[in-house]
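Since the structure comes first, as structure tokens, the remarks are kept for the end.
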Amino acid sequence: MVDAAESVPGTDPDRCGFTIAVQAARDQVIQAADVVTTTVEPVGLIGRRILSGLLPPRRQRVSTRKVKTPTSRYNGRCDSDGRPDASRTVTDLDVTILEPSDPLPSLPTASRDDRHTAPGKRRRHRILALLQEDPTRLWQPRDIATHFGDVTLETMYRQLNRWAASGLIHKLGPGLYAATVWSPTPLA
Numbered sequence: 002m003v004d005a006a007e008s009v010p011g012t013d014p015d016r017c018g019f020t021i022a023v024q025a026a027r028d029q030v031i032q033a034a035d036v037v038t039t040t041v042e043p044v045g046l047i048g049r050r051i052l053s054g055l056l057p058p059r060r061q062r063v064s065t066r067k068v069k070t071p072t073s074r075y076n077g078r079c080d081s082d083g084r085p086d087a088s089r090t091v092t093d094l095d096v097t098i099l100e101p102s103d104p105l106p107s108l109p110t111a112s113r114d115d116r117h118t119a120p121g122k123r124r125r126h127r128i129l130a131l132l133q134e135d136p137t138r139l140w141q142p143r144d145i146a147t148h149f150g151d152v153t154l155e156t157m158y159r160q161l162n163r164w165a166a167s168g169l170i171h172k173l174g175p176g177l178y179a180a181t182v183w184s185p186t187p188l189a
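Counting in our numbering, the sequence shown runs from 2 upward without gaps.
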């Protein structure tokens with residue numbers, strides 16, 4: 002990097018980007034680019050890439066640096082946060098392996114075709130009835146798809162978004178749906 006900076010007079014070595022040099026070296030190793038050359042150049046492939054992506058010149062400092070200060074930036078630490086005042090040596094460590102919780106039931110790979118089902122038994126009617134049982138409950142698409150078990154998660158996302166856009170249900174946030182407009186109850 003220094004050779005590349007010195008090859009162009011007046012170039013500050015601080016402007017050379019180390020990331021560019023590492024990426025150029027990586028590319029040269031992986032692609033075997035410019036490995037065998039017929040001419041000897043003082044800069045080379047890595048140097049050319051460094052010079053093509055120089056950082057901007059440093060700005061001039063107009064105020065003096067504050068070297069020492071009598072007040073610490075970290076003097077406001079509370080004693081009630083539970084951290085010790087001095088470091089402690091760790092002498093032992095207890096590791097507890099937790100049993101995995103019940104896995105989520107697997108959803109089908111294809112949704113059931115509703116077109117030839119009676120209108121009262123179609124997915125839309127069943128889901129709207131489920132949402133109306135507890136209108137203020139916030140439902141996630143996975144919960145609804147798991148409850149019925151005959152619809153893929155992707156189909157559930159699409160249908161809930163369509164129904165929310167048409168006003169049948171309310172979308173309250175990313176992946177949260179309810180039958181009514183939900184508002185948190187005040188804390189008294």
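Even for Gly, the Cβ is constructed at its ideal location relative to N, Cα and C.
- Taking a C-beta distance under 7 Å as the contact criterion, Val3 and Pro14 qualify as a contact pair.
- When DSSP states are grouped into helix, strand and coil, Gly174 belongs to the strand group.
- Under DSSP, the beta-bridge partners assigned to Ala179 are His171.
- Around the Cβ of Gly150, a 10 Å sphere holds fewer than 16 other Cβ atoms; the residue is exposed.
- Around the beta carbon of Ser88, fewer than 16 other beta carbons sit within 10 angstroms, so the residue counts as exposed.
- For Leu139, no alpha helix (DSSP H) segment is defined, and its DSSP state is neither H nor E.
- Excluding sequence positions up to five before and after Leu129, its CB lies within less than 7 Å of the CB of Leu169, all in the same chain and listed in chain order.
- Under the Cβ criterion (8 Å, minimum of three pairs), the segment 143-163 counts as touching the segment 101-113.
- By the Cβ-count criterion, Ser112 is buried, with 16 or more other Cβ atoms from all chains shown falling within 10 Å of its own Cβ.
- Taking 4 residues as the shortest admissible run, the segment 10-41 contains the following complete alpha helix (DSSP H) segments, listed from N- to C-terminal end: 19-32.
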